[in-house]
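**Q** Got a structure here, written out as C-alpha cells. Questions coming.
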Amino acid sequence: MRSPAVFLDRDGTINEEMGYINHPERFIILPKVVEAIKFLKAHKFKVVVVTNQAGVARGYFPEGLIERIHKLLQAHLKSKGTCLDAIYYCPHHPNALVPEYRKDCPCRKPRPGLVYKAVKDLNLDLDRSYVVGDRFTDIELAHNLGIKGVLVLTGYGKGELEYIAPKHPLRPHFIAKDLYEAACWIVKDAHSDR
Ligand SMILES: [Mg+2]
Ligand SMILES: [Zn+2]
Numbered sequence: 015m016r017s018p019a020v021f022l023d024r025d026g027t028i029n030e031e032m033g034y035i036n037h038p039e040r041f042i043i044l045p046k047v048v049e050a051i052k053f054l055k056a057h058k059f060k061v062v063v064v065t066n067q068a069g070v071a072r073g074y075f076p077e078g079l080i081e082r083i084h085k086l087l088q089a090h091l092k093s094k095g096t097c098l099d100a101i102y103y104c105p106h107h108p109n110a111l112v113p114e115y116r117k118d119c120p121c122r123k124p125r126p127g128l129v130y131k132a133v134k135d136l137n138l139d140l141d142r143s144y145v146v147g148d149r150f151t152d153i154e155l156a157h158n159l160g161i162k163g164v165l166v167l168t169g170y171g172k173g174e175l176e177y178i179a180p181k182h183p184l185r186p187h188f189i190a191k192d193l194y195e196a197a198c199w200i201v202k203d204a205h206s207d208r
C-alpha cells in the first residue's frame with residue numbers, strides 16, 4: 015500500500031527563520047521538531063521536506079551549501095534515531111541574478127512540482143497527504159495539490175496569521191503552535207477521516 019506523506023516546509027517550520035540560510039551556523043533546528051518527525055513516522059507517514067531556496071538564484075550562496083546543510087540535518091536526525099525520507103528544493107527564481115538559475119520553475123512553491131516529484135519517486139498516496147508550513151505559500155501549495163494544509167506559528171507564521179490571513183482567500187485546515195502540534199493534529203485528522 016502506498017504511504018501518505020507530510021510535506022514539510024523547511025525554513026521557519028523545522029529550523030529558525032533567519033532570512034537566507036547562507037551558512038550552516040544559521041541552520042538551527044526548532045524545539046520538538048525531532049519528536050514531531052518521529053511521531054509522524056511512527057504513524058506510517060513519510061516525511062518529506064519541500065523548500066524554495068532562491069538564494070542560489072540570487073547569487074547569495076552556492077547550491078552546494080544546500081546539500082551540505084541537508085547532510086548535516088540528516089546526520090543530526092540520524093543521531094536522534096530518525097530521518098527525513100527525502101528533501102527536495104527549488105533553487106530557481108524568475109528574476110535570478112545567476113543566469114543558469116533564472117527560471118519560472120514549476121517546482122517553486124506554491125507550485126506543486128516538488129511534491130509531484132516526491133510522489134513519483136517515493137510512490138506516495140497524495141490524497142492522504144498533508145502540507146505543513148509557516149507561510150501562506152505553503153497553504154497555497156496544499157490547495158494546489160487538493161490536500162490539507164497546516165500553518166505553524168513558528169517562523170513567519172504569527173505575522174502571516176495577523177497580516178496575510180485577513181486578506182487571503184484560503185484558510186489553513188489547522189493552525190498549530192509548532193510542528194509537533196501540527197503532527198498531533200495530522201495523526202488525529204487522518205484517523206477521524208476514515
Ligand atoms: Mg518557511
Ligand atoms: Zn526549480
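Numbered per the working numbering, the sequence shown spans residues 15 to 208. Here a beta-carbon is modelled for each residue, glycine too, at the ideal position from N, C-alpha and C. These numbers were taken from a predicted model, which means no experiment stands behind them.
(1) According to DSSP, simplified to helix, strand and coil, what is residue 157?
(2) I need the straight-line Cα distance from residue 162 to residue 204, nearest angstrom please.
(3) Take every Cβ of the region 16-29, pair it with every Cβ of the region 64-80, and state whether three or more of those distances are shorter than 8 Å.
(4) Of all the options 95, 121 and 75, which has the alpha carbon lying nearest to the alpha carbon of residue 111?
(5) When the Cα atoms are used, what is the spatial distance from residue 166 to residue 120?
(6) With distances taken Cα to Cα, identify the nearest neighbour of residue 130 among 155, 106, 171 and 116.
(7) Can you check which of these residues, 136, 117 and 95, is closest to residue 60 by C-alpha distance?
(8) Please tell me whether, using a cut-off of 7 Å, the distance from the CB of residue 113 to the nearest non-hydrogen atom of ligand 2 is below it.
(9) Is the beta carbon of residue 106 within less than 7 Å of some heavy atom of ligand 2?
(10) Spell out the partners DSSP gives residue 116 in its beta bridges.
(11) On the DSSP bridge assignment, give the partners of residue 146 in chain order.
(12) Within 10 Å of its beta-carbon, does residue 29 have 16 or more other beta-carbons around it, so buried, or fewer, so exposed?
(13) Would you say the region 185-196 touches the region 31-50, given that touching needs at least three Cβ pairs under 8 Å?
**A** So, from the data block:
(1) Taking the sequence shown and counting its residues from 1, the one referred to as residue 157 is at position 143. Helix at residue 157.
(2) Within the sequence shown, the letter at position 148 stands for residue 162. Within the sequence shown, the letter at position 190 stands for residue 204. Approximately 10 Å, taken between the alpha carbons.
(3) yes
(4) What you label residue 111 is simply residue 97 of the sequence shown in a count that begins at 1. It is 75 whose Cα lies nearest to the Cα of residue 111.
(5) Along the sequence shown, read from residue 1 onward, the residue named residue 166 stands at position 152. Along the sequence shown, read from residue 1 onward, the residue named residue 120 stands at position 106. If you take the alpha carbons of residue 166 and residue 120, they lie about 24 Å apart.
(6) Against the sequence shown, residue 130 aligns to sequence position 116. Nearest C-alpha to residue 130: 155.
(7) As a working note, residue 60 is residue 46 in the sequence shown. Checked all of 136, 117 and 95; the closest Cα to residue 60 is 136.
(8) As a position in the sequence shown, residue 113 is number 99, starting the count at 1. The answer is no for residue 113.
(9) For the purposes of this step, residue 106 is taken as the residue at position 92 of the sequence shown. Under cutoff, so the answer is yes.
(10) The sequence position of residue 116 within the sequence shown is 102, counting from 1. According to DSSP, which records beta bridges pairwise, residue 116 is partnered with 107.
(11) Reading the sequence shown from its first residue, position 132 is the one you call residue 146. Its beta-bridge partners are 22 and 164.
(12) Counted from its first residue, the sequence shown places residue 29 at position 15. The residue is buried, with at least 16 neighbouring Cβ atoms inside 10 Å.
(13) yes
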